[in-house]
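A.B. asks: Under full-length UniProt numbering, the first residue of the sequence shown is numbered 1, with each subsequent residue one higher.
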Amino acid sequence: MVMMRMEVEADRVRRVESTLQFEVGPESARQRLDDFLAAHIGWLSRLRIAKLIAEGKCFVNDEPGNAGRRLRVGDRVWVEPGEFVPNAMTPEPIPLEIVYEDSDLLVVNKPSGMLVHPTRNVKRGTLANALTYYLNRDLFATAGQSEASRSAGDESPALIRPGIVHRLDRATSGLMVVAKNQRALSVLSRQFQRRLVEKSYLAIVHGRVAEDELAIRAPIGRDPEARPKWRVMEGGKESETRLRVLERRERRTLVELQPLTGRTNQLRIHCAHIGHPIVGDDWHGAEDHSTRLCLHAARLSFRHPSSGEMMRFSTALPAEMARSLDD
Numbered sequence: 001m002v003m004m005r006m007e008v009e010a011d012r013v014r015r016v017e018s019t020l021q022f023e024v025g026p027e028s029a030r031q032r033l034d035d036f037l038a039a040h041i042g043w044l045s046r047l048r049i050a051k052l053i054a055e056g057k058c059f060v061n062d063e064p065g066n067a068g069r070r071l072r073v074g075d076r077v078w079v080e081p082g083e084f085v086p087n088a089m090t091p092e093p094i095p096l097e098i099v100y101e102d103s104d105l106l107v108v109n110k111p112s113g114m115l116v117h118p119t120r121n122v123k124r125g126t127l128a129n130a131l132t133y134y135l136n137r138d139l140f141a142t143a144g145q146s147e148a149s150r151s152a153g154d155e156s157p158a159l160i161r162p163g164i165v166h167r168l169d170r171a172t173s174g175l176m177v178v179a180k181n182q183r184a185l186s187v188l189s190r191q192f193q194r195r196l197v198e199k200s201y202l203a204i205v206h207g208r209v210a211e212d213e214l215a216i217r218a219p220i221g222r223d224p225e226a227r228p229k230w231r232v233m234e235g236g237k238e239s240e241t242r243l244r245v246l247e248r249r250e251r252r253t254l255v256e257l258q259p260l261t262g263r264t265n266q267l268r269i270h271c272a273h274i275g276h277p278i279v280g281d282d283w284h285g286a287e288d289h290s291t292r293l294c295l296h297a298a299r300l301s302f303r304h305p306s307s308g309e310m311m312r313f314s315t316a317l318p319a320e321m322a323r324s325l326d327d
């Protein structure tokens with residue numbers, strides 16, 4: 001079971017003041033504090049986690065923590081996010097497309113339009129809600145739909161929490177791996193942190209891309225005065241995306257994208273930067289009437305957290321994206 005307990009004072013729920021508490025297990029021994037938090041608080045960005053640590057809102061054994069501190073088995077980590085904490089334990093019987101499952105993990109195909117985690121404004125209908133129900137489905141098997149609905153606010157520690165290792169944007173569909181226990185969560189998180197996980201995406205972009213293959217290298221930074229805030233800019237972080245053309249049509253091109261770095265909105269930004277914005281991406285210049293962002297996480301490869309076997313998964317181009325290719 002993923003060990004994560006949320007303690008929220010009843011009289012402060014409306015003011016969203018909360019504290020998260022974790023106990024470090026053997027799988028996380030010697031892990032840096034910032035890496036540990038990134039693996040366990042998936043709804044917060046690394047930038048936000050770094051800020052919380054710098055502001056003294058993170059404690060290890062009641063002492064202020066620092067990002068590089070190496071954790072030991074039994075350490076108690078406390079975090080005060082000072083903002084909305086999503087209730088990832090709320091179970092909802094939302095249909096899921098399960099691509100693979102074993103005792104350690106499952107791989108799901110997330111639909112476009114679904115958030116991974118609850119937010120301040122969207123508390124239901126997320127992948128976390130759906131996974132929590134799925135992992136505890138035996139608990140609700142005899143309760144029936146009405147009982148499951150009444151249990152939606154239950155904070156019972158008996159519920160198995162999904163270990164969501166990585167994220168996809170709400171508008172992006174595709175493959176995600178989810179840990180079912182603490183050991184799998186730690187091992188998979190380290191693979192993502194060390195960039196040992198291979199990911200590639202299918203995208204439909206505007207225009208006919210002339211080159212068969214491209215290496216897009218353009219630094220990405222954050223400009224709080226601009227919209228969108230993340231864009232190619234001087235002084236930004238080094239970013240690289242590999243592009244390969246799969247099929248050209250009259251006005252659009254189907255491409256495979258492989259991000260070699262993990263910047264916010266990297267694929268959208270890089271495609272727009274070369275003059276071929278992704279269909280449906282109105283934030284980066286795609287002026288069209290597409291019903292969805294035409295970006296799909298189609299391939300995912302990682303080593304199994306227990307056996308070490310290389311696991312490779314792939315999904316086909318979604319039907320609604322295929323239709324957009326000829327629009």
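The beta carbon of each residue, even a glycine, is placed where N, CA and C say it ideally should be.
1) For my contact list, Q31 and R76 are in at a C-beta cut-off of 8 Å; report their separation, rounded to the angstrom.
2) Let me know the secondary structure DSSP gives V116 once reduced to three states.
3) Below 8 Å on the Cβ atoms is my contact criterion, and I expect L267 with T241 to pass it. Report the Cβ-Cβ distance as a whole number of Å.
4) Quick check: what's the CA-CA separation for L325 versus R217?
5) Extract the residue ranges of the beta strand (DSSP E) inside the segment 149-202, only unbroken runs of 3 or more that lie entirely within it.
6) Just list the residues that DSSP pairs T253 with in beta bridges.
7) Only counting the same chain, and skipping five residues up and downstream in sequence, which positions put a Cβ closer than 7 Å to that of G236?
8) If S186 and A39 are in contact, beta carbons under 8 Å, what's the gap, nearest whole angstrom?
9) Hey, is the segment 185-203 in contact with the segment 161-177, meaning 3+ C-beta pairs nearer than 8 Å?
10) Can you list, in chain order, the residues of its chain with a C-beta nearer than 7 Å to that of S306? Leave out the 5 residues immediately preceding and following it.
11) Does M310 pass the burial test, meaning 16 or more other C-beta atoms within 10 Å, or should it be called exposed?
12) Would A203 and S112 qualify as a contact pair, given that the criterion is a beta-carbon distance under 9 Å?
13) For G308, write down the residues that DSSP places opposite it in a beta bridge.
14) Do V99 and F302 have their C-beta atoms within less than 9 Å of each other?
15) Whole angstroms are fine: how far does the CA of T261 sit from the CA of E225?
16) Based on the DSSP output, what are the partners of H296 in its beta bridges?
C.D. replies: The short version:
1) Rounded, the Cβ-Cβ distance is 15 Å, inconsistent with contact.
2) coil
3) 6 Å
4) 26 Å
5) 173-179
6) V205, R248
7) P219, I220, G221
8) 7 Å
9) yes
10) D104
11) exposed
12) no
13) G308 pairs with nothing; no bridge assigned.
14) no
15) 24 Å
16) S173, L202
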